[in-house]
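Just so you know, the protein sequences line up as chains A and B, in that order. Note that the first sequence covers residues 392 to 870 in the numbering used here. Note that the second sequence covers residues 392 to 870 in the numbering used here.
Protein chains: 2
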Amino acid sequence: MKQQEKLVKEITSMDVDFAKWYTDVVRKAELADYSSVRGCMVVQPYGCAIWENIRDELDRRFKALGHENVMMPMFIPESLLQVEKDHVEGFAPEVAWVTHGGSEKLTERLCVRPTSETLFCEHYKNIIHSYRDLPKLYNQWCSVVRWEKTTRPFLRTMEFWWQEGHTMHATAEEAIAETEQMLNVYADFVENCLAMPVVKGQKTEKEKFAGAEATYTIEALMHDGKALQSGTSHYFGDGFARAFGIQFTDRENKLQYPHQTSWGMSTRIIGGMIMTHGDDNGLVVPPAVAPIQAVIIPIAAHKGGVLEVAARLRDELAAAGVRVKVDDSDNSPGWKFAEYEMKGVPLRIEIGPRDIESGNCVVVARDNREKTVVALAELAGRMPALLQGVHDRLFQRALENRERRTFTALTLDELIDIANRESGYIKAMWCGDEACELALKDRAGVTSRCMPFEQEHLSDTCVVCGKKAKSMVYWGKAY
Amino acid sequence: MKQQEKLVKEITSMDVDFAKWYTDVVRKAELADYSSVRGCMVVQPYGCAIWENIRDELDRRFKALGHENVMMPMFIPESLLQVEKDHVEGFAPEVAWVTHGGSEKLTERLCVRPTSETLFCEHYKNIIHSYRDLPKLYNQWCSVVRWEKTTRPFLRTMEFWWQEGHTMHATAEEAIAETEQMLNVYADFVENCLAMPVVKGQKTEKEKFAGAEATYTIEALMHDGKALQSGTSHYFGDGFARAFGIQFTDRENKLQYPHQTSWGMSTRIIGGMIMTHGDDNGLVVPPAVAPIQAVIIPIAAHKGGVLEVAARLRDELAAAGVRVKVDDSDNSPGWKFAEYEMKGVPLRIEIGPRDIESGNCVVVARDNREKTVVALAELAGRMPALLQGVHDRLFQRALENRERRTFTALTLDELIDIANRESGYIKAMWCGDEACELALKDRAGVTSRCMPFEQEHLSDTCVVCGKKAKSMVYWGKAY
């Protein structure tokens, strides 16, 4: 097992340096590589396969709810970005500007899209005329660019991949219902496919999306106690529609402005998955999005029959819908064990001459390394439960981490004290004033993560100013 | 049928103005819309669904051959683009340049990728060290930008979507085999999924990809007799590897340069599909990539039972794997007929009270409008053959168009005469000199489409200069 030790030793321990552990895992599990373009990453085959699984799961959910995919230009003319005032203020400082095409200087600069509300609005103006044209439920899969100062693979990159849904509705009620529905789609996906428990809530005015009336969010807590905004859904009212002059005639033949939403989830969520489930042996990938759900490792593969049985098991599992691989390379079993632990493959199936003799194999779960002896004839049938077991334990472990790291503060001193000693969510009452939000950032180093939909009445007064509290807020440090 | 006539009349006839017919179909079938970004298009849901089907078909073929997807940055630093001399000469004049990030001026300009050889090479330099690391068989799905002067939806847009495969191999033989294999994948896909017959061949030196040693191509002939380069596969030798310093140690522990390929197919192929199969009633989509393969139109839908039977048929067909839709909207049957003809849905299924009484429905094929009476109980079972029938007739019709439009010229006068009178391929012998290629462009307005793999010996001498001929070439006008 010397090779295994060597491979494992190359990762920094989480407890020693969580940030270093993170980048070690990204590199050693071959998720992403750096590129010579500052702040941009190369997503390698294993990382790309995880993203494709995430994409397929989400895309199926979107389409089942009537959404359709489109592909918009990657450029936005400067004048188009400027149509909605709050929006341009929020995004103009962080966009990449194209000024030349070939050798000619452009008469108008184009920005590389940081988000596509303006492009969708321009198109919607062309195609929405009557109530019969509504709702429009569009989505696109693409990459966007934001000129970030400090970057880390997946968590914050200048270019990142995402989906952005953009919908138009006849009424405010319908649009708000869509905003809530899509937040629920995200929460369902993140909890049931990525095994990450989330808090659903609303962003404060300060933290909401540029140009939105309301931003809803799902927030997940990482292993180190920092929060990650994992998916957002925005309600725009008719603000963009008015700015862009998008109108439709309703059933009474009156001109109306449609109401709008947008919602997005990005490759950032892969960073969240790594920081929620990973350990000192590397990545742990939840079964629903794992490129390889089970790897079969032949033991003493040179002995008669082992490779044949391994191949037969692979075919049986594949036929049962499991994403399975046999590693029959020359590397030692110990090396392979370490390699697939590093890559976070949920189940390892060991099969050797003695196993074949007894008609069994050994299944080892990635998360707790527990070994289960399974009859060869029963393996395919037991896979769903074995995979579900990994998922359930991952979710439970993440939930326990969150519960252990969720605190309550009734006074400012208490909040500052917790923020100094602990890393996690701090629940505290808030009056709704941005001044108090800024004070908490200044004095405790925390920001508002969200006003959870599930409110608790901790006290009557704001933890900062002592005025009447409007809501309970989750505060914390965030990625 | 007044509405139908009205809808149909809105398309220009192909014979009156083929270019106008093309853009009419793109707009009326709701494939794509224009945007305020010059030369960029909005791919609408129906066009996007066709592209997703193309993507899924190709992606499955690529993965079955061991290729893996990655996601590369969209930017290339100017110095990186310049590493390979022929490559930068070919592409630098037509790239979009990013010069500012937010408010800061960049120290080095970034171009928006026109193609990604340089980015792949940079990454391959990081990850290829030993013969054990080879081959690398990578692909990515993305959009690229080329600063084109004149643009048309799908056929030539500043931004277009494509896949670009980039592979590295230990030997020239392996790389050449990959180049040929991927051209065959393209030919198989285009003929068997898009029903477009292709000619496989090699590009001349003048027409090959910037930086490649050899470019292979599949060429398709459009309804109007102009050719469309439909997919290309390039062999690079070790030119980029030497320029980028990519080396590996072989089995004898010697340093070697790997050999490289790239290959691509783009949203252009949708333009080819439109111009191969469309007619004066609109689009015709081959069944393999049709978002809707069959549309069920209830006749006299208010009468008892019609909608129920339509819904039952839909469920039966969907269960049999057919992409099917019922249109139970308020529009008249005539309107619906015209609408789905415009959208090129391969099969229309009409079901009314009298059909139900007799236990039948009427299936109408989009391509020839032939009606087939089919027993309701047999419909699902007969769908594969009915869809295959549409495919086969589309392929046959396109093949006949190509054969009718393929000419042979033994002298320059003959070639010029054919080029003046006809639109199509002209087969003629060529000495291999670029001067003769330019002369044909100048005097007959044709370019070399390819040197087909299936060579014919038409004569011993070049049709232009009379020197010894090296190969038979397909000449023609092209999109």
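Positions of the beta carbon are idealized from the N, C-alpha and C atoms, including for glycine.
Below 8 Å, too few C-beta pairs join the segment 460-471 of chain B and the segment 613-633 of chain B to call them touching: fewer than three. Judged by beta-carbon spacing, B/L471 lies within the 8 Å limit of A/S427, meaning their Cβ atoms are closer than that value. If only complete runs of 4 or more residues are kept, the segment 567-647 of chain B shows the alpha helix (DSSP H) at 630-635, in order along the chain. Your pair A/L738 and A/L777 checks out as a contact, with CB atoms roughly 6 Å apart and the cut at 8 Å.
The segment 667-733 of chain A is shown to contain whole alpha helix (DSSP H) runs of 4 or more residues at 697-710, 724-733, in chain order. The Cβ-Cβ distance between B/S653 and B/H557 falls below 8 Å. Cβ proximity to chain B below 7 Å picks out E459, N460, V461, M462, M463, P464, M465, F466, P468, L471 from the segment 447-480 of chain A. Look at A/G772 here: in three-state DSSP terms it is helix. Counting of Cβ neighbours within 10 angstroms places B/L708 among the buried residues, the total reaching 16 or more. Between A/E555 and chain B, the shortest Cβ-Cβ separation is not below 8 Å.
Under a 10 Å Cβ-count criterion, B/E508 is classified as buried, with 16 or more other Cβ atoms of the shown protein chains found around its own Cβ. Here B/C533 is bridged, per DSSP, to B/W553. Under the three-state reduction of DSSP, A/A487 is assigned to strand.
A/A819 is positioned such that its CB atom lies closer than 8 Å to that of A/W866. Less than 8 Å divides the Cβ of A/D615 from the Cβ of A/F409. Taking a C-beta cut-off of 7 Å against chain A, the contacting residues of the segment 535-561 of chain B are W538, E550, W552, listed in chain order. Per the coordinates, the alpha-carbon of B/A768 lies some 55 Å from the alpha-carbon of B/W538.
Of all residues in the segment 402-428 of chain A, only D424, S426, S427, V428 come within less than 7 Å of chain B when Cβ atoms are compared, listed by chain position. Selection A/P744, A/P505, A/K496 evaluated against A/V486 yields A/P505 as nearest (Cα-Cα). Not one beta carbon of chain B lies nearer than 8 Å to the beta carbon of A/E845.
At a Cβ-Cβ threshold of 8 Å, A/V680 and A/I445 count as neighbours. Think of a sphere of 7 Å around the beta carbon of A/L525: no beta carbon from chain B falls inside it, the nearest being about 15 Å out.
In this structure A/L525 does not touch A/A563 by the C-beta definition: roughly 13 Å separates them, more than the 8 Å allowed. Using a CB distance below 9 Å, the part of the segment 485-496 of chain B facing chain A consists of E485, V486, A487, W488, V489, T490, H491, G492, G493, S494, E495, ordered along the chain.
If only complete runs of 4 or more residues are kept, the segment 819-855 of chain A shows the alpha helix (DSSP H) at 825-835, in order along the chain. Note on B/A860: 16 or more other CB atoms within 10 angstroms of its CB, so buried under the neighbour-count rule.
In this structure B/Y648 is in contact with B/I637, their Cβ atoms being roughly 7 Å apart against a cut-off of 8 Å. Taking A/R451 as reference, the option from A/Y577, A/V713, A/E513, A/A440 with the minimal CA-CA separation is A/Y577. The C-beta of A/L510 comes closer than 8 Å to at least one C-beta of chain B. Put simply, the segment 742-752 of chain A does not touch the segment 433-441 of chain A. Fewer than three CB pairs are less than 8 Å apart. Taking a beta-carbon distance threshold of 8 Å, B/Q684 does not count as an interface residue toward chain A.
The segment 605-612 of chain B makes no contact with the segment 516-535 of chain B; the number of CB pairs closer than 8 Å stays below 3. Chain-order list of chain A residues neighbouring B/V503: M465, V489, V503, by C-beta distance under 8 Å. When Cβ pairs closer than 8 Å are counted between the two stretches, the segment 784-800 of chain A is seen to touch the segment 810-819 of chain A, the count reaching three or more. When 8 Å is used as the limit between beta carbons, B/P436 is near these residues of chain A: E459, N460, V461, Y529, in chain order. For B/Y437, DSSP records no beta bridge to any residue.
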